[in-house]
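If you read the sequences in order, they're chains A and B.
For the first sequence, numbering that gives the first Met the number 0 begins at 0 and goes up steadily by one.
For the second sequence, numbering that gives the first Met the number 0 begins at 0 and goes up steadily by one.
Ideal Cβ positions, reconstructed from N, Cα and C, are used throughout, including at glycine.
Down below is the structure, laid out as structure tokens.
There are 2 protein chains.
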Amino acid sequence: MAPKNRLFLGSFVHSKALDELEYLHNAVVCVDTSGTIVAVERECDEARAKEILFPRLGWDMDDVEVVTAQKGQFFFPGFIDTHLHAPQYPNVGIFGNSTLLDWLNTYTFPIEASLSDPARARQVYTRVIRKTLSHGTTCAAYYATIDVPSTNLLADLCLAAGQRALVGRVCMDQFSPDYYRDSSPESALAATCESIAHIRRADPSMSLVRPIITPRFAPSCSVPLMRQLGQLAAETQLPIQTHISENGAEIATVKKLFPPSATSAQDDSYAAVYDAMGLLTERTILAHAVHLTEAEAELVAARNAKVSHCPCSNTALTSGAARMRWLLDKGIVCGLGTDMSGGYSPSILAAARHAVLVSRHRAMGRPGAEGEREKLSVEEVLFLATRGGAQVVGLEGKVGGFEVGMEWDAQLVGLGMVDEEGNAEEDGGDVDVFGWQGWEDMIPKWVYNGDDRNTKKVWVKGRLVHERK
Amino acid sequence: MAPKNRLFLGSFVHSKALDELEYLHNAVVCVDTSGTIVAVERECDEARAKEILFPRLGWDMDDVEVVTAQKGQFFFPGFIDTHLHAPQYPNVGIFGNSTLLDWLNTYTFPIEASLSDPARARQVYTRVIRKTLSHGTTCAAYYATIDVPSTNLLADLCLAAGQRALVGRVCMDQFSPDYYRDSSPESALAATCESIAHIRRADPSMSLVRPIITPRFAPSCSVPLMRQLGQLAAETQLPIQTHISENGAEIATVKKLFPPSATSAQDDSYAAVYDAMGLLTERTILAHAVHLTEAEAELVAARNAKVSHCPCSNTALTSGAARMRWLLDKGIVCGLGTDMSGGYSPSILAAARHAVLVSRHRAMGRPGAEGEREKLSVEEVLFLATRGGAQVVGLEGKVGGFEVGMEWDAQLVGLGMVDEEGNAEEDGGDVDVFGWQGWEDMIPKWVYNGDDRNTKKVWVKGRLVHERK
């Protein structure tokens with residue numbers, strides 16, 4: 000079925016600034032057949048849109064699909080998950096009392112290795128794409144595995160499902176089990192190039208799915224491998240994703256494995272190692288960044304590298320409480336990541352909620368204004384989930400808000416309205432809105448108790464990619 | 000319809016000890032018409048139950064209802080919510096960046112006061128009972144408001160819905176707004192007695208709904224009021240619920256309002272104030288207990304008073320991270336509370352999850368074994384949610400596990416089983432179990448990602464009180 004021009008009607012909510020949401024009520028958004036927003040008009044309805052917008056847009060009156068947000072519903076930009084491991088999805092919630100390094104060996108490497116089985120890869124990747132789409136994730140930065148065919152399959156499945164994605168074939172040639180590692184820097188590079196070539200063939204315009212260069216994390220990459228990947232990134236201008244400063248033992252390992260004598264870095268800090276390898280760029284997504292030093296944060300800011308904040312994972316693996324206010328104050332661009340399966344939840348809304356909560360744990364014990372400053376607001380975490388995420392994955396100006404020229408990556412959110420007898424429709428989930436409550440109550444209620452039941456429809460680039468039955 | 004004898008078949012999971020779950024597979028549990036468990040048999044099925052159990056129980060073969068847990072399903076004890084404010088339910092998720100004392104004045108007292116409107120009270124209480132039942136809460140210790148008729152209505156509605164409950168008319172004669180306070184200790188006592196009398200008439204056996212003496216918290220109660228309530232508790236042997244040591248400013252207020260000269264307490268600590276008033280008893284539920292001193296914890300332990308741990312609330316209001324390991328090591332009996340609406344979630348499963356996560360924040364920065372000791376396991380929080388909660392509300396030996404002589408307060412839990420194509424039934428919610436995963440994976444997956452969609456049926460005292468459509 001050929002895409003139609005579409006008219007979206009009702010309430011639209013998006014971030015205007017880090018700490019400010021903008022509400023557009025009784026508004027219309029026109030989206031053309033390419034999925035691009037071509038008009039945004041406040042205080043407008045269908046009749047008025049037909050009168051003033053359609054002629055200007057040259058739209059055929061009778062060939063426009065109309066989608067209306069009902070009472071208790073609103074359009075919100077799609078969420079951007081800036082860090083997750085697709086093959087680990089079956090393991091969400093499974094980590095016991097482990098921390099990063101033992102968790103990798105006990106739970107993570109075995110499940111990743113098992114996805115070289117194409118049938119299992121198809122099963123798991125199909126499920127994780129459907130699951131994240133159902134939670135309103137319109138764009139995801141995926142780590143796949145070291146296996147090229149299944150990495151390519153992940154890209155193909157994203158393309159087929161219509162999820163915007165960055166897909167990275169994982170590179171790791173040391174500090175990893177024999178059964179799951181690259182045999183040499185050269186073979187890792189070759190495999191990466193093979194996957195990049197596949198994804199470029201699959202989506203030549205790279206408008207939906209893009210390859211991303213993925214050194215797993217410094218400990219599992221040799222200096223030659225990192226150097227070659229840094230060079231590849233410079234040549235191709237492709238984005239890069241990796242981990243940084245998640246856990247104390249990991250940081251100690253980096254110091255031990257990468258003395259400046261081995262890297263020619265300015266010091267033995269984690270950020271300096273990546274910088275010396277050509278991996279700390281404005282197109283680099285650094286996951287976690289929990290324990291950066293002052294100097295490292297300055298370096299990250301100077302390179303304009305991006306940070307993916309993964310609060311659920313950082314808590315679950317006892318990694319630490321990332322200093323988000325400090326990073327934001329330095330002007331570092333940040334987004335949110337589910338980091339499945341270090342993180343337990345497939346939902347960026349849950350990550351946003353937990354980002355608020357973790358910020359309160361940071362505030363505890365810090366007196367007065369210092370503690371208050373640590374707190375992230377509902378508005379701020381929703382910014383991170385949308386506009387911030389868009390900047391992190393290099394799609395700012397293209398997705399993350401409702402403005403003319405941007406693409407329609409959006410979700411229709413519906414909350415449960417409680418009637419006078421105390422009934423509410425079943426599929427409002429846990430968000431119960433009472434008659435006297437307005438938007439300033441509804442949005443935090445959604446953030447604190449919302450789930451995929453509240454995500455009624457999801458579009459990417461204008462295409463309807465998920466609808467709740 | 001007269002209740003039938005019932006035979007439950009399948010897998011049963013319950014706590015055996017604080018850190019140990021017991022799995023009974025291919026088991027049967029027989030529940031008689033009074034809702035009491037009369038037989039538990041492992042390695043049994045319907046035919047064998049008929050052969051060996053029915054004759055012993057004197058059950059009519061043809062008049063027994065059979066309930067079977069299917070693949071991916073198991074029976075689990077109902078959850079016990081040891082602390083929540085029913086009238087505050089509409090406000091879940093609404094607190095902005097406030098902390099306890101300003102939150103009370105800005106959000107809490109106005110909504111509580113508004114429930115003197117009987118229509119609103121019916122709407123809100125109906126909703127909170129349905130909502131908590133749908134999350135598997137078979138027993139709740141409710142704070143109502145200062146209004147007697149609506150407090151009584153809450154008890155009536157619990158009785159009608161079949162939820163086991165402790166219902167307390169809130170006492171507060173100082174440090175509260177003029178529009179919402181008791182005019183004198185005497186009027187507060189009289190109103191409390193009026194509500195107690197109503198609940199005793201409504202459920203003379205107190206088998207389902209019991210009154211609970213409820214001084215809101217020390218700051219909002221005068222010394223004469225607390226003394227009279229302590230005396231009432233001694234005379235009636237009724238349980239008591241109140242708050243303790245939630246927040247720094249609150250503790251400072253207690254020290255200021257209650258010098259030992261005013262209370263004849265041994266010191267000006269929060270616990271000593273309650274103790275001097277006769278309110279620190281083995282039937283007392285103390286909510287929060289975040290900042291107890293060593294001496295206070297010793298006093299709480301000596302009195303065998305119980306603690307309701309409310310992790311979601313403690314984080315959301317930046318109250319602090321309660322020292323659960325320390326309390327448990329002292330032998331203090333603990334359960335979990337949602338503390339709506341300081342807590343944002345109606346779910347004790349969410350409270351259990353957040354208890355795990357908060358314990359990890361406590362572990363952060365504490366090196367080695369000391370940090371490890373802080374961590375609560377999935378097994379431990381499920382104990383707190385069931386057996387621990389039962390001890391807190393004085394129902395140990397009656398609910399919280401599956402043993403002969405206990406009452407059938409239970410939930411049927413079902414998880415989503417992912418097929419080979421990556422599909423799973425819609426109502427498995429976010430818990431996706433893959434074919435190769437066993438019970439040791441399923442239970443943590445439920446704790447980390449489960450919600451009311453996984454709670455298929457709920458029974459209290461043998462009565463089916465909730466069923467998902």
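Selection of the segment 83-100 of chain B by Cβ proximity to chain A, strictly under 7 Å: Taking 7 Å as the Cβ-Cβ cut-off against chain A, the residues of the segment 83-100 of chain B that qualify are Pro89, Val91, Gly92, Ile93 and Asn96.
C-alpha gap between Leu516 (chain A) and Trp407 (chain A), whole angstroms: In the structure as shown, chain A begins at 0 and stops at 468. Residue 516 (chain A) is therefore absent and cannot be evaluated.
Proximal residues, the segment 111-143 of chain A versus chain B, C-beta separation under 8 Å: Per Cβ criterion, the list reads Ala118, Arg121, Gln122, Val123, Tyr124, Thr125, Arg126, Arg129 and Lys130.
Beta carbon proximity, Val446 (chain A) to chain B, threshold 8 Å: Taking the first sequence and counting its residues from 1, the one referred to as residue 446 (chain A) is at position 447. Output row for Val446 (chain A): interface = yes.
Three-state secondary structure (DSSP) of Val332 (chain A): As a first step, residue 332 (chain A) must be located in the first sequence, where it is residue number 333. Coil, per DSSP.
Residue burial classification, Ala368 (chain B) (beta-carbon count within 10 angstroms, cutoff 16): Here residue 368 (chain B) refers to the residue found at position 369 when the second sequence is read from its first residue. With fewer than 16 other Cβ atoms from the protein chains shown falling within 10 Å of its own Cβ, Ala368 (chain B) counts as exposed.
Span separating the alpha-carbon of Cys170 (chain A) from that of Thr283 (chain A): Residue 170 (chain A) sits at position 171 when you count from the first residue of the first sequence. Residue 283 (chain A) sits at position 284 when you count from the first residue of the first sequence. Separation of Cys170 (chain A) and Thr283 (chain A) (C-alpha to C-alpha, rounded to the nearest whole angstrom) is 15 Å.
Any 3 or more C-beta pairs closer than 8 Å across the segment 309-320 of chain B and the segment 238-248 of chain B: They touch, by the three-pair rule.
Any chain A beta carbon closer than 8 Å to Leu298 (chain B): Taking the second sequence and counting its residues from 1, the one referred to as residue 298 (chain B) is at position 299. Not an interface residue.
Neighbourhood of Asn153 (chain A) by C-beta, 7 Å cutoff - its chain only, sequence neighbours within 5 removed: As a first step, residue 153 (chain A) must be located in the first sequence, where it is residue number 154. Here residue 153 (chain A) turns out to be Leu, not Asn, going by the sequence shown. A distance below 7 Å between beta-carbons, with the five flanking residues on each side excluded, links Leu153 (chain A) to the following residues of its chain, in chain order: Ala85, Tyr124, Tyr141, Ala143 and Val166.
Through-space distance from Asp431 (chain B) to Lys456 (chain B), alpha-carbon basis: The residue you call residue 456 (chain B) lines up with position 457 of the second sequence. The residue you call residue 431 (chain B) lines up with position 432 of the second sequence. One C-alpha to the other measures close to 19 Å.
Segment limits, beta strand (DSSP E) that includes Thr280 (chain B): By one-based count along the second sequence, residue 280 (chain B) stands at place 281. DSSP places Thr280 (chain B) outside any beta strand (DSSP E), giving it a letter other than H or E.
Which of helix, strand or coil DSSP assigns to Met60 (chain A): The sequence position of residue 60 (chain A) within the first sequence is 61, counting from 1. Secondary structure of Met60 (chain A) (DSSP, three-state): helix.
Amino acids of chain A, ordered along the chain, whose beta-carbon sits closer than 7 Å to that of Pro443 (chain B): Translated into the one-based positions of the second sequence, residue 443 (chain B) becomes position 444. Using a Cβ-Cβ cut-off of 7 Å, Pro443 (chain B) is close to Gly92 and Ile93 of chain A, given in chain order.
Contact belief for Thr262 (chain A) with Val272 (chain A) at Cβ below 8 Å, rounded distance in angstroms: Translated into the one-based positions of the first sequence, residue 262 (chain A) becomes position 263. Translated into the one-based positions of the first sequence, residue 272 (chain A) becomes position 273. About 5 Å separates the beta carbon of Thr262 (chain A) from that of Val272 (chain A), a gap short enough to meet the 8 Å contact definition.
Under 7 Å by beta carbon: chain B residues contacting His360 (chain A): For the purposes of this step, residue 360 (chain A) is identified with residue 361 of the first sequence, where counting begins at 1. The contacting residues are Thr314, Ala320 and His360.
CB contact check: Asp18 (chain B) to chain A, cutoff 8 Å: On the second sequence, residue 18 (chain B) is found 19 positions in, with the first residue counted as 1. It does not; no Cβ of chain A falls within 8 Å.
Proximal residues of chain A, C-beta to C-beta of Tyr469 (chain B) below 7 Å: Look at the range of chain B in this structure, 0 to 468, and you will see that residue 469 (chain B) is not part of it.
Residue burial classification, Ala46 (chain A) (beta-carbon count within 10 angstroms, cutoff 16): Residue numbering aside, residue 46 (chain A) sits at position 47 when the first sequence is read from its first letter. Exposed, by the Cβ-count rule.
DSSP state of Asn4 (chain A) mapped onto helix, strand, coil: Position 5 of the first sequence, counted from the start, is the residue given in the question as residue 4 (chain A). Correct three-state label for Asn4 (chain A): strand.
Inter-residue CB distance, Met323 (chain A) and Leu375 (chain A) (contact presumed, cutoff 8 Å): Mapped onto the first sequence, residue 323 (chain A) falls at position 324. Mapped onto the first sequence, residue 375 (chain A) falls at position 376. Here Met323 (chain A) really is in contact with Leu375 (chain A); their C-beta atoms are around 6 Å apart, less than 8 Å.
Segment limits, alpha helix (DSSP H) that includes Ile250 (chain B): In the second sequence, counting from the first residue as 1, residue 250 (chain B) sits at position 251. Gly247 to Leu256 is the extent of the alpha helix (DSSP H) around Ile250 (chain B).
Which residues DSSP lists as bridging Met441 (chain A), in chain order: On the first sequence, position 442 is the one that residue 441 (chain A) refers to. DSSP output for Met441 (chain A) lists no bridge partner at all.
Collapsed DSSP secondary structure at Gly92 (chain A) in the structure displayed: Along the first sequence, one-based indexing puts residue 92 (chain A) at 93. In this structure, DSSP gives Gly92 (chain A) a state outside helix and strand, which the three-state scheme calls coil.
Local conformation of Cys43 (chain A) per DSSP, three classes: Numbered from its first residue, the first sequence carries residue 43 (chain A) at position 44. Three-state DSSP puts Cys43 (chain A) in coil, outside helix and strand.
Rounded distance between the beta-carbons of Ala354 (chain A) and Val380 (chain A), thought under 8 Å: Translated into positions along the first sequence, residue 380 (chain A) becomes position 381. Translated into positions along the first sequence, residue 354 (chain A) becomes position 355. Confirmed, Cβ separation roughly 5 Å.
Burial state of Ser480 (chain B) (16 or more Cβ within 10 Å): With chain B represented from 0 up to 468, any question about residue 480 (chain B) goes unanswered, as that position is not in the structure.
Closest Cα partner of Thr191 (chain A) within the set A:Ala159, A:Ala217, A:Thr150 and A:Glu64: Here residue 191 (chain A) refers to the residue found at position 192 when the first sequence is read from its first residue. Residue A:Thr150 is the option with its Cα nearest to Thr191 (chain A).
Euclidean distance between Cα positions of Cys138 (chain A) and Trp58 (chain A): If you number the first sequence from 1, residue 138 (chain A) lands on position 139. If you number the first sequence from 1, residue 58 (chain A) lands on position 59. Going by the C-alpha atoms only, they are around 29 Å apart.
Beta carbon proximity, Leu356 (chain B) to chain A, threshold 8 Å: Taking the second sequence and counting its residues from 1, the one referred to as residue 356 (chain B) is at position 357. Chain A, which has a Cβ nearer than 8 Å to the Cβ of Leu356 (chain B), makes this yes.
Segment contact flag, the segment 121-135 of chain B with the segment 197-206 of chain B, C-beta cutoff 8 Å, min 3 pairs: In short, these stretches do not touch, since the Cβ pair count stays below three.
Contact with chain B by Asp429 (chain A), beta-carbon distance below 8 Å: The residue given as residue 429 (chain A) occupies position 430 in the first sequence. At a cut-off of 8 Å between beta carbons, Asp429 (chain A) contacts chain B.
8 Å Cβ shell around Phe401 (chain B) - same chain, five flanking residues per side excluded: Translated into the one-based positions of the second sequence, residue 401 (chain B) becomes position 402. Its chain contains Phe11, His13, Leu23, Val28, Ile36, Val39, Phe74, Pro76 and Ala409 as the residues whose beta carbon lies nearer than 8 Å to that of Phe401 (chain B), once the 5 sequence neighbours on both sides are disregarded; these appear in chain order.
Sheet register partners of Asp431 (chain A) (DSSP bridge): Translated into positions along the first sequence, residue 431 (chain A) becomes position 432. According to DSSP, Asp431 (chain A) bridges with A:Gly415.
First through last residue of the alpha helix (DSSP H) which encompasses Thr314 (chain B): Here residue 314 (chain B) refers to the residue found at position 315 when the second sequence is read from its first residue. Run containing Thr314 (chain B): Pro310 to Ala315, per the alpha helix (DSSP H) assignment.
Partner residues on chain B for Thr150 (chain A), Cβ-Cβ distance less than 8 Å: Sequence index remark: in the first sequence, residue 150 (chain A) carries index 151 (1-based). The contacting residues do not exist; Thr150 (chain A) stays about 17 Å from chain B at best.
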